[in-house]
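One structure is given here, and the rest of the page talks about it.
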C-alpha cells in the first residue's frame, strides 16, 4: 500500500475550490506518510486540468479523458477509481465533501471494503494512519477518527483547509481509459440548471445572516444589502426560514448548512444551540441583537446591542465608504 | 410497487450532550431525548406520498438499532407507513457506515421485490451521510443522492431532480434505486391522532443478524471513532462595541474587522 490520492473535481477546465483545499490537506498527509501525492483528473477535454493539478503541487496525475466522464456521474467515475485503486493500492484516497465527492467516496469505500471517514476538518498522520478530526452530533461534539482498513477513504469539509497555491511545477499525466461504457451506465443527465452569480453559503468567506429579529420577509433587505456590499452570502436562522420569510437554501444550522466563513455577522439571531451547530467554527463572529442576554453574544468576538434596522444600514454605509 | 423508508432514531435537536470517557449520553430539557432523525421526516413523507400518488402498495419503515428505536418506527407508522421492521442484534452494535449498509441491504433483499429505498440526507448523530450510496452498492442498485423532487416514476424508470452544490441536476434512470432526500423535497405531515393510536398497537417484527443471513463478524467495523470529545469553547469573551451613535459604532466595528483581516 503506497500513495496518497486526491480527487480533483473540475468544471469548465477549472479545479473546484473544495478540491484545491483537499490538495493542501492531502499534501500534509502525503508528506507525513512519506508517500507520493497523486491527483485524480476525470472529465472530457481535461488535459489543462491535469496541468493545473501539477501546478497545485501534486507529484503525479492519473487521468481519464472520455465523453462518459464529461458531466460527473458516480456510476462512471466510481468504478474507474475502484479499478485504479485495485491496481495501484493507494494507502489514502481523499476528496472534498462536496455532493459529488461524497458520492464518489462512499461508492469507492463500499467497493474496496475500506473504512470511510467523512467531513474531516483536520488531518494528522499518526504512524501509518491518518487521524481525521470531524464534527459529530451536528457539530456539538468532535471525534478523532481512524479508518483501520489498508486503504483509508476520507472526505474533507469545505473551508476547513487552505487552498493549495500555484507552485509553477509541471509534469506529464498518466492517461487511462474509462472503466464503463455509456451503454452500461443506466443514469442519463437530462437537465442541469446552474446557480450563477450567487455566492454559495458553504464557499463564502463572509456571511451575513438574519433571524427572528428581522420580523418578516422585507426585514431581510438590510441584511442582504450588507451581505452584497461585503461580497458575502446571505444566511438565515431556522426561525426565519420556518416562518417562510426566506427560502430554505439560506438556512444555517443543524438542519441547514454548516458554514465556516472568515466573518459571520448574525443579526437578530438569538443563537439557539441548533444555529450554533452550523456556524460556531466561523473565524470571527459578530452579533447584533436587541437583547443583551441573547446566547449568540457568548459565541461572538464582537457584539452590538441595538436595533438591527439601524445598525445594519450604518454598517453598510460605513463599508461602502471604505471598500 | 414496494417502497422502503430507511430511518434512524437520534437525539433530539435540543438534546444536551455529555461526553464521559468517549461515551456520549444525552438528555433533553424538553423531555423527549430521542426522536425520528429530523432529516428522515422527509424520507417517511416521500414514501407515504409514493403510496398516495404513485400507487406504491407497501411502504415499509426500516431501521437498525437498539430495541428503543421502535419509537421512531412507530412515528413512521403514525405518519402513514404500512409496515415497520426493526433489525436489532447485540452482534450489530457499533457498525460503521459500511457495516450498516451491509445490514440494511440484507434486510431490503429479505423483503424482496423492493423498487425504491429512500433515506434521509444524513443522521444528526453520526452525520456521515454515506450510508445511502453504500447500501446502493451492496444491492447493486443505482444511487440517487440529494433528491429534491421525484418528477416521474413508473414503467421501470424514475426521473428525479437532485440538488447539488452548484445547481439542480435532472436525471433519468432505471429502477430499482436508492434515494437520499433533502429538505426541499416535501413538507412532512404531522402524524394523525388515529395514526398514532394505530401505531401504538402495532407489533413490530424484530430481525436478528442470523435472520438476515449475515455471517459472523458482520458487526466488524473499518472505522475507529472511539475518541469523542466536547468542542473546546471559543476563546475569549465578547467585546461589546459602544458608541454615541450607530454611525460611531459602525465605524469602530469596521475598524476592528479590517484589523482582523476578515474583510
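Protein chains in written order, with our numbering: chain A, 25 to 347; chain B, 309 to 571.
We treat Cβ as the ideally placed atom computed from N, Cα and C, and that holds for glycine.
Here the structure is a predicted model, which is why all the values come from computation and not from measurement.
Check	Outcome
CB contact below 7 Å: residue 512(B) versus chain A	no
Short-range partners of chain B found in the segment 214-228 of chain A, where Cβ spacing is below 9 Å	214, 215, 216, 217, 218, 219, 220, 224, 226 and 227
Interface flag, residue 533(B) vs chain A, CB-CB below 7 Å	yes
Limits of the beta strand (DSSP E) - the one that residue 167(A) falls within	165-171
Beta-bridge partners of residue 548(B), as assigned by DSSP	327(A)
Residues, ordered as in the chain, of the segment 117-131 of chain A that lie near chain B by beta-carbon distance below 8 Å	122, 123, 124, 126, 127, 129, 130 and 131
Beta carbon proximity, residue 496(B) to chain A, threshold 7 Å	no
The segment 317-329 of chain A in contact with the segment 336-347 of chain B per 3-pair CB rule at 8 Å	no
Exposure label - residue 164(A); buried when at least 16 CB within 10 Å	buried
Proximal chain B residues relative to residue 109(A), where beta-carbon distance stays under 9 Å	None at all; the shortest Cβ gap to chain B is about 14 Å.
Exposure label - residue 387(B); buried when at least 16 CB within 10 Å	buried
Any 3 or more C-beta pairs closer than 8 Å across the segment 76-83 of chain A and the segment 36-45 of chain A	yes
Exposure label - residue 191(A); buried when at least 16 CB within 10 Å	exposed
Contact between the segment 94-112 of chain A and the segment 121-138 of chain A (3+ Cβ pairs under 8 Å)	yes
Residues near residue 452(B) in its chain [Cβ-Cβ closer than 6 Å; skip 5 each side]	468, 485 and 487
Which of helix, strand or coil DSSP assigns to residue 498(B)	coil
According to DSSP, residues forming a beta bridge with residue 314(B)	370(B)
Buried versus exposed, by CB contacts within 10 Å (16 or more), residue 150(A)	exposed
CA-to-CA distance, residue 160(A) to residue 282(A), given in whole angstroms	12 Å
C-alpha gap between residue 157(A) and residue 399(B), whole angstroms	27 Å
Cβ-based contacts, 7 Å cut-off: residues of the segment 407-439 of chain B near chain A	409, 432, 433, 434, 435, 436, 437 and 438
Beta-carbon neighbours of residue 404(B), restricted to chain A and to distances below 7 Å	139
Proximal residues to residue 413(B) (C-beta, below 7 Å), its chain only, five neighbours per side dropped	443, 446 and 447
Delimiting residues of the alpha helix (DSSP H) encompassing residue 560(B)	554-567
Inter-residue spacing [alpha-carbon to alpha-carbon] between residue 312(B) and residue 551(B)	60 Å
Alpha helix (DSSP H) segment containing residue 248(A), residue limits	244-253
Within the segment 160-217 of chain A, ranges of the alpha helix (DSSP H) (whole runs, at least 4 residues)	none
Identity of the residue in 208(A), 237(A) and 224(A) nearest residue 473(B) by Cα	224(A)
Any chain A beta carbon closer than 7 Å to residue 401(B)	no
Closest Cα partner of residue 476(B) within the set 343(A), 246(A) and 213(A)	213(A)
7 Å CB neighbourhood of residue 373(B) in its chain, flanking five on each side removed	316, 317 and 396
CB contact check: residue 317(B) to chain A, cutoff 7 Å	no
8 Å contact criterion, which residue 29(A) and residue 57(A) should meet: CB distance rounded	No, residue 29(A) and residue 57(A) are not in contact; Cβ-Cβ is about 12 Å, not under 8 Å.
Unbroken beta strand (DSSP E) run spanning residue 423(B), endpoints	422-427
Cα-Cα separation, residue 280(A) to residue 272(A)	8 Å
Distance between residue 391(B) and residue 186(A) (C-alpha atoms, nearest Å)	48 Å
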